[in-house]
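If you count the sequence shown from 1, you need to add 17 to reach this note's numbering.
Heads up, the beta-carbon is just placed ideally off N, CA and C, and yes, glycines get one too.
Working notes, structure below.
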Amino acid sequence: MNLEQLRDLAYQHLGSRKAHQDRELGFIYYHGQRVAKIAVKLRQQVLPDDDSHDPELIAAAYFHDIAKGIEPHAIYGSVIVREILADHCTPEQLDRICKLIRYHQFRDHTKGYDDHIKILQDADILDHLGVVEIWMNFHHYAYREGTLRDSVKFYETEYRKLADRMRGALNYEVSKRIFDEKHRFVLAFAERMAVEAEGGLVNFPENG
Ligand SMILES: [Fe+2]
Ligand SMILES: [Fe+2]
């Protein structure tokens with residue numbers, strides 16, 4: 018399996034696709050690339066002595082959302098990827114990649130999924146936090162011609178509920194630590210945004 022080739026293949030399929038009105042062209046490609054990197058970092062924490070399945074983990078991350086928009090996209094994605102990657106890896110690797118993709122969307126702590134599935138699930142969630150979350154939010158309101166105030170309101174209301182749900186879906190403590198760090202950044206950003214959206218200045222010595 019040649020990961021560079023697979024990255025090119027992912028770009029061919031996803032690089033100029035717009036799967037959702039709210040997202041930029043190619044979002045699924047760039048999201049997949051980021052998820053691959055986060056997944057390897059999580060794997061190093063969760064299974065520090067076992068990098069034997071990193072190539073399959075990376076390949077699955079590249080293509081995990083290929084069927085986004087055709088729901089349940091995880092199941093359809095695993096079917097599509099079996100065709101696309103058939104000539105690029107061994108049957109065993111293909112089985113592993115398809116299994117990872119198939120289950121990335123079904124987060125159920127009672128199911129006892131294997132570590133690589135849980136790692137991909139967590140990496141997928143973690144890419145939706147931090148700067149990427151802010152980017153997606155701005156893109157969402159820009160597409161709808163929303164105002165900066167709309168975004169401020171979102172962070173004061175829905176964002177907190179959404180973040181709680183996302184955190185609750187994570188499998189590992191280390192993922193929760195990464196999540197919390199990103200969440201703090203988003204809250205700090207949102208706090209400042211709320212001030213500047215109304216013409217306020219942060220840390221300005223009014224009477225100084
Ligand atoms: Fe997905
Ligand atoms: Fe995803």
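Checklist entry - Should Lys85 be listed as close to ligand 1, given that the test is whether its C-beta is under 7 Å from any heavy atom? => result True, at least one ligand heavy atom lies under 7 Å from that Cβ.
Checklist entry - Skipping 5 residues on each side, what residues in its chain have a beta carbon closer than 7 Å to that of Asn229? => result Here the chain has residues from 18 to 225 only, and residue 229 is not among them.
Next on the checklist: Is any non-hydrogen atom of ligand 2 found closer than 7 Å to the C-beta of Val52, if you look at the structure I gave you?
Outcome noted: yes
Next on the checklist: For a quick check, are the C-beta atoms of Asp132 and Leu64 less than 8 Å apart?
Outcome noted: yes
Checklist entry - By how many angstroms is the C-alpha of Ala27 removed from the C-alpha of Ile45? => result Taking the straight line from one Cα to the other gives about 9 Å.
Next on the checklist: Give the list of continuous alpha helix (DSSP H) stretches no shorter than 4 residues that lie fully inside the segment 115-145.
Outcome noted: 132-143
Checklist entry - My guess is that Gly49 and Asp82 are in contact by the Cβ rule of under 8 Å, so how many angstroms apart are they, rounded? => result 7 Å
Next on the checklist: I need the DSSP call for Gln71, collapsed to helix, strand or coil.
Outcome noted: Per the sequence shown, the amino acid found at residue 71 is Asp instead of Gln. Of the three classes helix, strand and coil, the one that applies to Asp71 here is helix, per DSSP.
Checklist entry - With distances taken between CB atoms, is the gap from Tyr189 to Asp139 smaller than 8 Å? => result yes
Next on the checklist: Please enumerate, following chain order, all residues with a beta carbon closer than 5 Å to at least one heavy atom belonging to ligand 2.
Outcome noted: Chain-ordered, the residues whose CB falls short of 5 Å from any heavy atom of ligand 2 come out as Asp82 and Asp141.
Checklist entry - Comparing alpha-carbon positions, which option in Ala76, Val98, His121 and Asp39 lies nearest Glu21? => result Ala76
Item to check | Collapsed DSSP secondary structure at Asp39 in the structure displayed | outcome: The answer is coil: DSSP assigns Asp39 none of H, G, I, E or B.
Next on the checklist: Just to confirm before moving on: does the CB-CB distance between Ile151 and Val219 stay below 8 Å?
Outcome noted: no
Next on the checklist: Following a CB-centred definition, is Ala36 positioned closer than 7 Å to any heavy atom of ligand 1?
Outcome noted: Every heavy atom of ligand 1 is 7 Å or more from the Cβ of Ala36, so no.
Checklist entry - Out of Asp66, Lys85, Glu73 and Glu198, which has the shortest C-alpha to C-alpha gap to His105? => result Considering only alpha carbons, the answer is Glu73.
Checklist entry - Can you find a heavy atom of ligand 1 that lies under 7 Å from the Cβ of Ala56? => result Checking every heavy atom of ligand 1 against the Cβ of Ala56, none is found closer than 7 Å.
Item to check | Which of helix, strand or coil DSSP assigns to Ser33 | outcome: coil
Checklist entry - Who are the near neighbours of Ile92 in its chain, counting only those whose CB is closer than 7 Å to its CB and skipping five residues on each side? => result Arg119
Item to check | Where Val15 falls, given that 16 or more other Cβ within 10 Å makes a residue buried | outcome: This structure cannot settle anything about residue 15, because the visible part of the chain is limited to 18 through 225.
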